[in-house]
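Below is one structure, written out as structure tokens, with a few remarks after it.
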Amino acid sequence: MIWVTQLLNGTLLGGYYALLACGLSFMFGVMRIINLAHGDLAILSACLVFLIADATGISPFVAVIAVLPVMAVIGWALQRWMLERSLRAGVLVPLLTTFGLAIFIENGLFEYFGADTRSLAPYIGDFAFDSFWIGGDVYVGSLAALIFAVAVLLLGGLRLFLDYTPLGRAIRATAEDADTAELVGINARAVYAIAAAIAVASAGLAGVFLAMRETFSPYSGPMQLIFAFEAVVIGGIGSLSGTLIGGIVLGVAQTFGAQIDPKGFLIAGHVVFLVVLAGRLTLNAIRARGGVQRLFARRP
Amino acid sequence: MSTIPGFVVERWTRLSAGTSVMVAVVLTVLAFGPLLFDANIVDRFTTLFIYVILAVMWNALAGYAGLVSVGQQAFFGLGAYFAIQLSYHGISVYPALVLGALIAGIISLPVSLLMLRLRSGEFAIGMWVVAELAHLLVNLDDLVQGETGISLIALNAYSADNRRAYNYWMALGAMVILLALVFALLRGRLGASVQAIRDDEDAAQSVGVRVLASKRIIFFLAAFGCALAGALWLATSITFQPKTYFGIQWTAYMIFMVLVGGLGTFEGPILGAVIFFLIEYFFGETGVWYLIGLGAAAVAFALFLPRGLWGTVEDSLGIRLLPVGYRLRMLGSDADARPPPD
């Protein structure tokens with residue numbers, strides 16, 4: 002029975018990873034940028050909500066409504082003033098600038114907040130540890146279930162938005178080919194800025210949920226980036242529905258790993274990521290050369 | 009090499025010959041460092057040499073082979089870890105540093121099978137995952153005792169003065185050998201190959217560049233170099249705490265040094281390491297502010313001075329002190345005709 006419970010817990014944890022990975026995947030899909038500051042932006046958002054909740058006593062669920070637009074503006078500004086210029090300079094420069102930004106944000110947060118770990122759990126009352134019974138002796142955490150539901154709604158909503166709205170079509174067209182999109186009257190610069198705003202706001206939402214679920218510190222960002230990236234890669238890069246599956250695979254691997262040995266949580270996640278990656282690259286190689294016998298030869 | 013009528017291909021100029029003599033003089037003086045300088049200065053130079061190694065290795069990866077890794081701390085940590093392991097298994101401590109680095113370098117080969125098939129951003133974070141995993145696995149070793157860490161007690165066999173001098177000479181020797189190796193590789197066929205890959209992988213492939221093999225050589229060299237830097241760092245600090253060695257700050261330092269000095273130039277990272285060393289000396293005490301500054305400077309340089317300080321000087325004056333590239337000179341024109349853009 003413990004494994005059923007853990008499977009369920011891992012799946013719900015996967016919802017958090019999917020939520021976290023959503024913005025990373027989206028930004029990569031549209032702009033071909035892997036934002037190395039993604040995790041730190043999530044933590045920045047958590048810190049902002051913490052500031053509001055701590056100073057005013059407003060519930061984090063309300064505070065997050067005020068913080069998400071701020072995160073969207075940050076994303077928009079980031080695109081306009083940093084990423085746009087980086088993109089023009091070549092494929093490697095966005096990596097360098099977003100890494101510099103990550104170092105800047107996490108140490109900036111440290112300077113302001115200090116090394117203490119914090120949590121939003123005390124500010125959401127009983128909800129932090131509430132759970133409900135679903136049969137047998139299996140209980141599910143309310144917060145974990147909420148996060149999972151939000152992740153499914155966000156990923157699904159984003160999918161519908163991309164498929165059925167004019168702006169969604171413009172984003173897809175720009176992702177496909179920005180120059181051609183401009184020829185048919187799409188403002189690619191604006192589309193990129195909106196995509197960055199959506200990506201950073203969704204990272205911000207994930208960061209706030211992280212802070213409700215457990216503790217965080219100014220230096221929690223890099224690990225969140227790695228989790229998000231692993232979920233994206235496991236699920237297939239650039240695919241939003243894949244991201245949910247990737248998150249769940251990662252979450253289940255980690256909870257199973259932790260069940261075997263407390264130290265196994267992170268290791269199991271990384272190993273599953275590398276195994277999936279190796280498997281996919283091998284499959285691609287087999288497909289590309291049309292046979293197993295030449296598998297270990299050089300890539301064509 | 010085919011010749012173009014009216015032009016000669018230069019690989020070495022009078023200026024670079026002069027520079028080489030200068031370099032030889034400086035290195036000769038540095039070789040007597042422990043006999044000339046006082047203890048504090050010797051230690052600082054040892055640190056500087058390690059920074060130069062890190063910067064040059066990261067530049068070989070990113071600036072020449074186009075492989076931006078944010079996980080080189082994997083090898084930095086593994087180099088130190090294997091050096092400790094070997095030393096505890098009875099191998100004399102200074103050879104253990106080199107052997108430890110070599111083992112970490114060899115580990116990079118199976119890692120490269122997977123990682124080198126990834127492109128740009130995927131490679132970057134993929135390497136980060138490798139570093140995290142290496143850190144977690146090293147923590148499992150009972151010898152290391154998790155984050156408590158362990159000391160390289162075998163070093164106690166040497167007096168403090170001797171230890172300081174040996175560390176200095178090892179770091180200096182490692183730096184000179186690695187620099188010479190990178191210089192030779194980049195001037196040779198491999199240098200042209202990896203730069204072609206960096207600029208356009210598919211095009212390079214189509215003209216017959218052996219993409220994976222070329223990348224793998226640089227990847228191995230950078231892994232070994234970073235591992236050696238880690239082992240040397242261990243020799244200077246004696247204690248091994250996994251968190252310090254596998255920390256992402258090493259990548260931040262490397263990126264800063266290379267971007268400020270000049271990504272994709274041979275001399276730039278050396279200049280970057282000296283600048284980083286001075287900044288750390290003067291501002292290291294300010295703690296996080298100094299890291300905030302490093303992050304901001306990395307962004308600023310990547311955006312506004314992508315060729316770094318040295319690259320900008322090179323481009324505007326048209327000089328190459330230690331040339332790894334080629335330069336076309338029109339016959340009958342001035343020797344300092346501006347070189348064609350890279």
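Protein sequences appear in the order of chains A and B. Just so it is clear: in the first sequence, position 271 is 272 by the numbering used here, and no numbers are missing. Just so it is clear: in the second sequence, position 255 is 263 by the numbering used here, and no numbers are missing. Note that CB positions come from ideal geometry on N, CA and C, so glycine has one too.
Item: Going straight from the alpha carbon of residue 30 of chain A to that of residue 231 of chain A, what length do you get?; Value: 15 Å
Item: Report the start-end ranges of each alpha helix (DSSP H) in the stretch 130-172 of chain B that is 4 residues or longer and not cut off at the edges.; Value: none
Item: Please decide whether residue 293 of chain B counts as near chain A, where near means a Cβ-Cβ distance under 8 Å.; Value: no
Item: Tell me the DSSP bridge mates of residue 139 of chain A?; Value: A:136
Item: In angstroms with no decimal places, state the Cα-to-Cα distance between residue 342 of chain B and residue 25 of chain B.; Value: Because the pLDDT at residue 342 of chain B is just 49, under 50, the model does not fix this residue reliably, and the value given afterwards should be weighed accordingly. For residue 342 of chain B and residue 25 of chain B, the distance between alpha carbons rounds to 18 Å.
Item: Can you look up residue 257 of chain A in the DSSP assignment and give me helix, strand or coil?; Value: helix
Item: Counting only runs that start and end within the stretch 195-271 of chain A, where is the alpha helix (DSSP H) found for 4 or more residues in a row?; Value: 222-236 and 241-261
Item: Residue 276 of chain B: which of B:313, B:243, B:300 and B:46 sits nearest, CA to CA?; Value: B:313
Item: Measuring only between beta-carbons, confirm whether residue 246 of chain A sits less than 8 Å from chain B.; Value: no
Item: Let me confirm a value: residue 227 of chain A is counted as buried when at least 16 other C-beta atoms fall within 10 Å, else exposed. Which label applies?; Value: buried
Item: In the DSSP assignment, find the unbroken alpha helix (DSSP H) run with residue 108 of chain A in it and report its ends.; Value: 94-114
Item: For a test of the three-state rule: what should DSSP assign to residue 166 of chain A, helix, strand or coil?; Value: coil
Item: Determine which residues of the stretch 60-72 of chain B have a Cβ less than 9 Å from any Cβ of chain A, and write them out in chain order.; Value: 70
Item: Thinking just about the alpha-carbon of each residue, which of B:139, B:177 and B:159 is nearest to the one in residue 86 of chain B?; Value: B:139
Item: Name the one or two DSSP bridge partners that residue 247 of chain B has.; Value: B:159
Item: Under a CB-based cut-off of 8 Å, is residue 232 of chain A close to chain B?; Value: no
Item: Can you list, in chain order, the residues of its chain whose CB lies under 6 Å from that of residue 189 of chain B, leaving out five sequence neighbours each side?; Value: none
Item: Anything in chain B within Cβ reach of residue 227 of chain A, meaning under 8 Å, just list it in chain order.; Value: 133, 136, 137 and 140
Item: Using DSSP's beta-bridge definition, name the partner residues of residue 119 of chain A.; Value: A:217
Item: Within a Cβ cutoff of 6 Å, which residues of the same chain sit near residue 72 of chain A, ignoring the five residues on either side of it in sequence?; Value: 46, 201, 202 and 205
Item: To the nearest angstrom, report how far apart residue 80 of chain B and residue 124 of chain A are at their CA atoms.; Value: 40 Å
Item: When we look at the beta-carbon of residue 251 of chain B and count the other beta-carbons within 10 Å, is it buried (16 or more) or exposed?; Value: exposed
Item: Please confirm whether residue 271 of chain A and residue 141 of chain B have their CB atoms less than 8 Å apart.; Value: yes
Item: For residue 205 of chain B, which residues of its own chain have a beta-carbon under 7 Å away from its beta-carbon, when the five flanking residues on both sides are left out?; Value: 73, 74, 212, 217, 219, 222 and 223
Item: Just checking: is the beta-carbon of residue 236 of chain A within a distance shorter than 8 Å of some beta-carbon in chain B?; Value: no
Item: Applying a beta-carbon distance threshold of less than 9 Å, which residues of chain B neighbour residue 216 of chain A?; Value: The contacting residues do not exist; residue 216 of chain A stays about 18 Å from chain B at best.
Item: In whole angstroms, what separates the C-alpha of residue 253 of chain B from that of residue 245 of chain B?; Value: 11 Å
Item: Tell whether a beta-carbon distance below 8 Å holds between residue 102 of chain B and residue 174 of chain B.; Value: yes
Item: Sorted by chain position, which residues of the same chain lie with C-beta nearer than 7 Å to residue 79 of chain A's C-beta, five sequence neighbours on each side aside?; Value: 197 and 201
Item: Thinking C-alpha only, which one of A:176, A:130, A:119 and A:199 is nearest residue 156 of chain A?; Value: A:199
Item: What is the rounded straight-line gap between the Cα of residue 208 of chain B and the Cα of residue 240 of chain A?; Value: 26 Å
Item: Flag this pair as touching only if the stretch 261-270 of chain B and the stretch 157-164 of chain B have three or more C-beta atom pairs under 8 Å; answer yes or no.; Value: no
Item: Please say whether residue 83 of chain B and residue 181 of chain B have beta carbons closer to each other than 8 Å?; Value: no
Item: Determine the contact status of residue 202 of chain B and residue 226 of chain B, defining contact as a CB-CB distance below 8 Å.; Value: yes
Item: Report all residues from its chain with a CB closer than 6 Å to the CB of residue 94 of chain B; omit the five preceding and five following residues, and keep chain order.; Value: 104, 107 and 108
Item: Should residue 54 of chain B be labelled buried (16 or more other beta-carbon atoms within 10 Å of its own) or exposed?; Value: buried
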